[in-house]
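Numbering (the numbering used here), first residue to last: 345 to 531. Idealized CB from N, CA, C, for every residue including glycine. Here's the structure, in structure tokens; my notes come after.
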Amino acid sequence: YVARVDSAKVLPGRERVKITWFKQTDPRAKYAKIYWANKTDSLRVELDPSKATETLIDGLAEGSYVFDIIVFDNKGHSSMKVEAIGNVYGTDYESFLYNRLVKTAKVTGNKLDVTFAAAKDTITYIGSEIFYNDINDEEKTEFIKYNESKLTINDYKKPSFKYRSLYLPAPTAIDTFYSEFDIQQTP
């Protein structure tokens with residue numbers, strides 16, 4: 345047998361995954377085949393013996409997947425298969441994301457002070473983006489991290505700003521997911 349892959353990981357993304365494994369130590373190993381959907385789909389990956397392998401698989405439907413990885417040499421001899429399990433996220437997941445609540449939004453002249461409620465989800469929520477027009481009527485964006493609650497904008501133009509929350513469905517996710525925009529009026 346050719347040596348099988350070592351420490352395969354599936355990193356989740358938006359309708360895609362990144363599959364990684366350690367550098368191949370068997371000099372006979374030339375390529376790997378990754379199979380999924382009961383071997384109805386596959387991808388051939390050429391191996392570089394000088395580095396770890398990373399490959400993207402795009403165009404996947406949202407859901408859980410089992411990937412079978414088999415290494416081959418130039419003569420068609422194969423390794424034992426390695427299973428790697430991972431999730432793919434998309435619009436279904438994103439439709440359940442919610443915005444962090446704004447507790448107060450106070451305007452004094454061109455200064456906007458926004459206070460956010462405590463984040464309910466401290467595992468996947470990473471922060472919120474605030475989009476507003478400045479005093480020159482140009483759109484600007486600010487970001488508030490998950491562990492912050494107050495934001496001050498010094499060049500704010502009334503009457504409103506929009507905001508959305510950002511999530512990583514897993515710590516190893518390769519894509520960020522967004523809630524729908526909410527609009528906050530500022531009288």
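At least 3 beta-carbon pairs within less than 8 angstroms: the region 483-499 vs the region 455-475: yes
Local conformation of T435 per DSSP, three classes: helix
Inter-residue spacing [alpha-carbon to alpha-carbon] between L404 and P393: 28 angstroms
Three or more C-beta pairs below 8 angstroms linking the region 476-491 and the region 517-525: no
Within 8 angstroms, strictly: CB atoms of F460 and V446: yes
Own chain, CB closer than 8 angstroms to S422, minus 5 neighbours either side, in chain order: Y345, V346, I414, V415, F416
Proximity to V354 [Cα-Cα], best of I527, Y511, W380, I467: W380
Option nearest N454 by Cα separation, candidates P531, I527, I401, V410: P531
C-beta contact flag for Q528 and S504 at 8 angstroms: yes
Cβ-Cβ distance between G357 and I497 below 8 angstroms: no
Same chain only: Cβ atoms within 7 angstroms of T369, ignoring 5 sequence neighbours per side: A347
Cβ separation of E483 and N477, assumed to be a contact under 8 angstroms, to the nearest whole Å: 6 angstroms
Start-to-end residues for the beta strand (DSSP E) that takes in E398: 397-402
The beta strand (DSSP E) enclosing I378, as first and last residue numbers: 375-380
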